[in-house]
Amino acid sequence: MTVVKRKNWDTYFMDIACMVSTRSRCNRRHVGAVLVQGKKLLGTAYNGAPMGVPDCSEAGCMISETVEMEVVDGNEKMVKKQRCIRTIHAEQNLLLFTDRIDREGSTVYVTDEPCWTCANMLANSGIVEIVYYRPYRKDMEKVRAMMASKGIVFRQLESYEPPAETMITVSE
Ligand SMILES: [Zn+2]
Ligand SMILES: [Zn+2]
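Last residue of the sequence shown? That's 172 in full-length UniProt numbering, and every number before it is there in order.
1. Straight-line CA distance for T87 to T66?
2. Any residue with its C-beta under 7 Å from a non-hydrogen atom of ligand 1 counts. Can you list them all in chain order?
3. Which residue or residues does DSSP assign as beta-bridge partners of I130?
4. Following a CB-centred definition, is E104 positioned closer than 7 Å to any heavy atom of ligand 2?
5. In chain order, what residues have a CB nearer than 5 Å to some heavy atom of ligand 2?
6. So the candidates are D73, Y12, V4 and F97; which of them puts its Cα closest to the Cα of P50?
7. Quick check: the stretch 1-14 against the stretch 78-87, are there 3 or more CB pairs under 8 Å?
8. Buried or exposed for P114, going by 16 or more other Cβ atoms inside 10 Å?
9. Sort out for me which residues DSSP pairs G60 with in a bridge.
10. Within its chain, find whatever has a CB closer than 7 Å to the CB of A17; leave out the 5 residues flanking it on each side and keep chain order.
11. With a 10 Å radius around its C-beta and 16 neighbouring C-beta atoms as the bar for buried, classify V71 as buried or exposed.
12. Kindly indicate which three-state DSSP category K142 falls into: helix, strand or coil?
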């Protein structure tokens with residue numbers, strides 16, 4: 001008799017976030033996020049243009065370049081960063097489509113480590129835990145520092161394996 005190992009909850013909810021991410025039409029990054037309270041799924045979202053507005057696959061990505069000051073080896077340095085700004089990020093859509101009361105004490109599973117803006121919003125959204133799979137190097141340092149100071153559980157599923165064909169190659 002074959003014993004099939006039952007999925008743990010982390011894998012279960014991250015698998016759902018990965019499936020949700022396949023709805024995204026931004027060629028740079030497909031992100032999926034789900035809101036979980038206890039073991040209950042309370043919302044799903046992916047990154048995309050507002051409803052009824054042309055998305056990245058139709059209108060192309062809208063690339064914006066910003067310059068941010070970072071301290072590298074004790075020296076202040078201006079670092080250029082490119083992002084697609086056509087889409088509303090998955091985490092922000094999740095906040096737009098869920099209620100505050102559902103978010104209090106809840107967990108967000110998201111395929112990618114949140115960017116600075118999303119992390120900032122999540123930190124103020126009532127959620128107490130963020131679980132992600134792919135690291136996002138651009139904002140990693142300040143996001144992790146902020147989560148630590150806010151006391152939000154922030155963890156990466158390092159040995160996680162996404163369901164086949166749900167992940168695309170992302171641009172850094
Ligand atoms: Zn895009
Ligand atoms: Zn974001």
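Beta carbons are placed, not taken as given, at the ideal position from N, Cα and C, and that holds for glycine.
Taking the structure as given:
1. 16 Å
2. C26, N27, R28, C56, C61, M62, C84, R86 and T87
3. V108 and F154
4. no
5. H89, C115 and C118
6. F97
7. Counting Cβ pairs under 8 Å, fewer than three are found: no touch.
8. With 16 or more other Cβ atoms within 10 Å, it is buried.
9. For G60, which the question treats as bridged, DSSP gives no partner whatsoever.
10. G32, A33, V34, Y109, V110 and T111
11. exposed
12. helix
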